[in-house]
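Right, one structure below, let's go through it.
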Amino acid sequence: MPPRLPIGTAYCNIPGMDEQPARDHQPPAEELEIERFIPYRMAVLADWMSRSLAGTYQSRFGISIPEWRVLAHLAREQPLSAGVLSERTNMDKPRVSRALQRMTRNGLIERESDAHDQRVAVIRMSAGGRATYERIAPLAQAWERELLAGLDENDRIELERLLDRLQEQVARMRESSS
Numbered sequence: 001m002p003p004r005l006p007i008g009t010a011y012c013n014i015p016g017m018d019e020q021p022a023r024d025h026q027p028p029a030e031e032l033e034i035e036r037f038i039p040y041r042m043a044v045l046a047d048w049m050s051r052s053l054a055g056t057y058q059s060r061f062g063i064s065i066p067e068w069r070v071l072a073h074l075a076r077e078q079p080l081s082a083g084v085l086s087e088r089t090n091m092d093k094p095r096v097s098r099a100l101q102r103m104t105r106n107g108l109i110e111r112e113s114d115a116h117d118q119r120v121a122v123i124r125m126s127a128g129g130r131a132t133y134e135r136i137a138p139l140a141q142a143w144e145r146e147l148l149a150g151l152d153e154n155d156r157i158e159l160e161r162l163l164d165r166l167q168e169q170v171a172r173m174r175e176s177s178s
C-alpha cells in the first residue's frame with residue numbers, strides 16, 4: 001500500500017487524476033437475491049430441519065443435536081476417536097468434546113484407551129446409549145418420511161443424486177483451496 005499523502009496531493013502529475021490509486025474497473029455485480037442464493041437456502045433449510053428434528057428428541061430424551069449426531073455415528077461404527085467423530089459429524093473439536101463430556105456424565109457413552117495407541121481415547125456407545133439411539137432412530141426416520149412425503153420416488157432419487165453431486169463438488173472446491 002502506498003504511503004498516505006497529505007490531502008490535496010495527487011498520486012501522479014497527470015491533470016484530472018483522482019487522489020486515490022486506480023482500481024480495477026469491474027462491472028457492477030448483479031444484485032444478490034439472498035432468498036434465491038442456493039448456499040443460503042441450503043443453510044437455512046439444514047438449520048430448520050436440524051432444529052425441527054431435534055424437537056422430536058430433545059425434550060423426551062434430554063439430548064442435544066451434537067449428542068444425537070455422535071450417537072448416530074457410533075450406531076454405525078465404533079469405537080471412534082473424538083477426532084474422527086469431529087470429522088464425520090462436521091462439528092469442531094470443542095463442540096464434540098462438550099457433547100462427549102455430557103454423554104459420559106449421562107451414561108450414553110464409554111471412553112477407553114485405543115488398543116493401538118494408549119494416548120488416544122476411543123468412544124463406544126454404552127447400553128444406555130444404545131437404548132436411547134434405538135428409541136430415537138425410529139422417530140428420526142418417521143420425521144424424514146414426513147419431510148419427503150411431498151416427493152414421489154423419482155423426485156427422491158433425483159434429490160439424492162443432486163445432493164451427492166453437490167457434496168462431491170464442495171469436496172473438490174475445498175481440496176483445491178487448500
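Residue numbers (UniProt numbering): 1 to 178. Yeah, the Cβ is synthetic: ideal placement off N, Cα and C, and Gly gets one too.
**Report entry** Where Leu80 sits in the DSSP three-state scheme
**Finding:** In the structure shown, the three-state DSSP call for Leu80 is strand.
Report task. Measure the CB-CB distance between Val122 and Ser81 and report whether it falls below 8 Å. Result -> Cβ atoms of Val122 and Ser81: closer than 8 Å.
Query raised in the report: Name the DSSP beta bridge partners of residue 186, please?
Result: Nothing in the structure corresponds to residue 186, since the chain is present only between 1 and 178.
Query - C-alpha gap between Ala137 and Ser86, whole angstroms - result: Distance between the alpha carbons of Ala137 and Ser86: 21 Å.
Report task. Identify every run of the beta strand (DSSP E) within the region 137-168, keeping only runs that are complete inside it and at least 3 residues long; order them along the chain. Result -> DSSP runs (the beta strand (DSSP E)) wholly in the region 137-168: none.
Report task. Determine, using beta carbons only, whether Arg36 and Glu67 come nearer to each other than 8 Å. Result -> No, the pair does not count as a contact, with Cβ atoms beyond the cut-off.
Report task. In angstroms with no decimal places, state the Cα-to-Cα distance between Leu159 and Leu148. Result -> Taking the straight line from one Cα to the other gives about 10 Å.
**Report entry** Candidates Arg69, Glu31, Arg41 and Gly150: closest to Met91 by CA position
**Finding:** The option with the nearest alpha carbon to Met91 is Arg69.
Query raised in the report: Is it true that the region 152-166 meets the region 104-117, where meeting means three or more beta-carbon pairs spaced less than 8 Å apart?
Result: Short answer: they don't touch.
Query raised in the report: Is it right to say Tyr57 is buried, meaning 16 or more other beta carbons lie within 10 angstroms of its own, or is it exposed?
Result: Buried: at least 16 other Cβ atoms inside 10 Å.
Report task. Within 10 angstroms of the Cβ of Ala99, are there 16 or more other Cβ atoms? Answer buried if so, exposed if not. Result -> Label assigned to Ala99: buried.
Query raised in the report: Leaving out the 5 sequence neighbours to the left and right, which residues in its chain are closer than 6 Å to Ile34 when beta-carbon positions are compared?
Result: For Ile34, where only same-chain residues beyond five positions count, the Cβ hits under 6 Å are Tyr40.
Query - Nonlocal neighbours in the same chain, by C-beta distance under 8 Å from Gly62, ignoring five residues either side - result: Asn106, listed in sequence order.
Query raised in the report: What are the boundary residues of the alpha helix (DSSP H) that includes Gly55?
Result: DSSP places Gly55 inside the alpha helix (DSSP H), whose first and last residues are Ile38 to Phe61.
Query raised in the report: Which value, in whole angstroms, describes the spacing of the CA atoms of Glu77 and Leu32?
Result: Computed Cα separation, rounded: 42 Å.
Query raised in the report: Hey, how far is the Cα of Ser178 from the Cα of Ala171?
Result: The alpha-carbon atoms of Ser178 and Ala171 are separated by roughly 11 Å.
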